[in-house]
Structures are given as structure tokens and as C-alpha cells.
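For reference, the structure discussed in these notes is given below.
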Amino acid sequence: MTFILLFLGFIIGGFVIIMGGGGAALYLGILTSLVGASPATAAATSLYTSIPSLLIGSYSHYRTGNMKFKYGNRMLMTAVPFTIIGSILSKFIPESVYSWLIFIVFFILGIQVLYQSFHPSKKQKQLNPKVAYFYGTLSGLMVGIAGMSGGGPIVSGLLVMGLTMQEAAATSSYILIITSIVGFLSHASTGHVAWYAGTMLLIGAIIGAAIMPYLLSKYDPNKVTKVLRPVMGVIMLIMAFTSI
27 MTFILLFLGF IIGGFVIIMG GGGAALYLGI LTSLVGASPA TAAATSLYTS IPSLLIGSYS
87 HYRTGNMKFK YGNRMLMTAV PFTIIGSILS KFIPESVYSW LIFIVFFILG IQVLYQSFHP
147 SKKQKQLNPK VAYFYGTLSG LMVGIAGMSG GGPIVSGLLV MGLTMQEAAA TSSYILIITS
207 IVGFLSHAST GHVAWYAGTM LLIGAIIGAA IMPYLLSKYD PNKVTKVLRP VMGVIMLIMA
267 FTSI
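Just so we're aligned: the sequence shown equals residues 27 to 270 in this note's numbering.
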């Protein structure tokens, strides 16, 4: 099991460097379906495991100069408090309901990833910046309740606000670090953390995140993304059905 966890962590750590985000949703699926952790324990552990990958990715994005702190700070105004609210609410959610919530989120994410794989997104139209508060709230609840990094709503909101994909990916990375740390500390206070499984995934993820850029330099990143995106969509759907 140790080798499997290290290997899966390596794959996810490398994947998030390519696709962005923290990979908490993927760790959540592994912890519930493979390790057999309860949804509450998986939520806390997935955040613990994803933080190092987020730090590595955020530093890489920072060096590109694409981070737009003005937009990110606006989202954090609602993302952080609702992360705390979500973690408090999660303590009162029955395990059966929790499992169905994870199923719904995974199913929607899987369908969304598959759709985006075969229907390239069009240029987003700039809307009212106040939408940042809505997307920040949604992301915070995802982190607090389900233990996911909440990258989907953050990136979507930043795109709606008029940022380019590169700027949205870079800006989301530092937002997710803060919300993931807040979410982890809130969940960890209950003692629900699978430390061994999480640490094995974490070690593998750090190695994957460090090595993958060198491996990718030999290939066209766009072609790699076109292959991996639909694969991850299918994996998310599989994780959705194994979580219930």
C-alpha cells in the first residue's frame, strides 16, 4: 500500500503542475475509495496532502508575473470565512449525506472536465467584479465541507472577471494556499487526519511536482494536456461512483 500511495501521489503531484490547482479532489477520491477513510477524515487529509503541491505551483506562477493580487484578495474576502463556516457545518453532516455530496461534486467535475476536453472554451466576457464574492463563497464551502481545494470556482470566477487563463491559474494558486491551510487547520482540530496515508501521498506529490517540469520540457505541453484532461475526467467519474 505504501508504494501505491507514493506512486499515486507522484502522478497527482505532476498532474497539478500541468493542469493547475492543488489536487485535493483527487486525493479525496483515493482516500475514500482506496484507503477506506471516512469522508470527514478524507476531507482533512486531502487538504494536508495538497498544500505542498500548491506551494510549489504558486511559486512557479509567481515568477511568471501573472498573479493579480487585486482580484485574488477580493475573492479571499468571502472564501476564507466560508471555509471556516463549511468546516463547522461538516461536523454535523451524516456520513451517508457526506458521501453523496462527494459523489455529486466528483460527478459534476468529471462531466465538466470531459466537456472542456472536447469543447474548447470561448473567450470570457468581462462582468461585474462583484461576482468574485460569489465564486469565493462557493470555493470556501467546497474546501470547508468536502475537503477539496476549490480551484474550479476560483478559476471560473477569475475568467468571468476578465483575466486570461494564465492569469487565472496563477492568481488562483495563492488563493488556494490560504483557503487550504485554513480548511486543514479547521478540520485537524477535530483529530480527523490519516497522517500516514496523507504523508505518503504528500511525499510522492512533492517528488512528482519537482520532476514533472523536466519531463514535460521534452514534450509539447498543449498535447500533454489534451491527453491527460479527458483521462482525469474519466478518473473523477470512477471516483464518484466508488464514493457511494
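We treat Cβ as the ideally placed atom computed from N, Cα and C, and that holds for glycine. These numbers were taken from a predicted model, which means no experiment stands behind them.
1. Would you mind reading off the limits of the alpha helix (DSSP H) that contains HIS87?
2. Can you look up ILE119 in the DSSP assignment and give me helix, strand or coil?
3. CA-CA distance, PRO65 and LEU227?
4. Give every residue of the same chain whose Cβ lies closer than 7 Å to the Cβ of ILE110, excluding the five residues on either side of it in the sequence, and list them in chain order.
5. Between GLY173, GLY83 and THR163, which lies nearest to SER182 when the distance is taken from Cα to Cα?
6. Helix, strand or coil: how does DSSP classify ALA196 here?
7. What is the DSSP secondary structure of THR190, reduced to helix, strand or coil?
8. So, with DSSP's three-state summary, where would you put TYR19?
9. Go to ILE13, then tell me how far its alpha helix (DSSP H) extends in each direction, as first and last residue.
10. Tell me whether the beta-carbon of VAL219 lies closer than 7 Å to the beta-carbon of THR104.
11. Determine the extent of the alpha helix (DSSP H) in which VAL157 is found, giving its start and end residues.
So, from the data block:
1. 65-90
2. coil
3. 17 Å
4. GLY170, VAL208 and SER212
5. THR163
6. helix
7. coil
8. Outside the shown range of the chain (27 to 270) lies residue 19, about which nothing can therefore be said.
9. Summary: the structure shown does not reach residue 13, with the chain confined to residues 27 through 270, and so no result is reported for it.
10. no
11. 157-167
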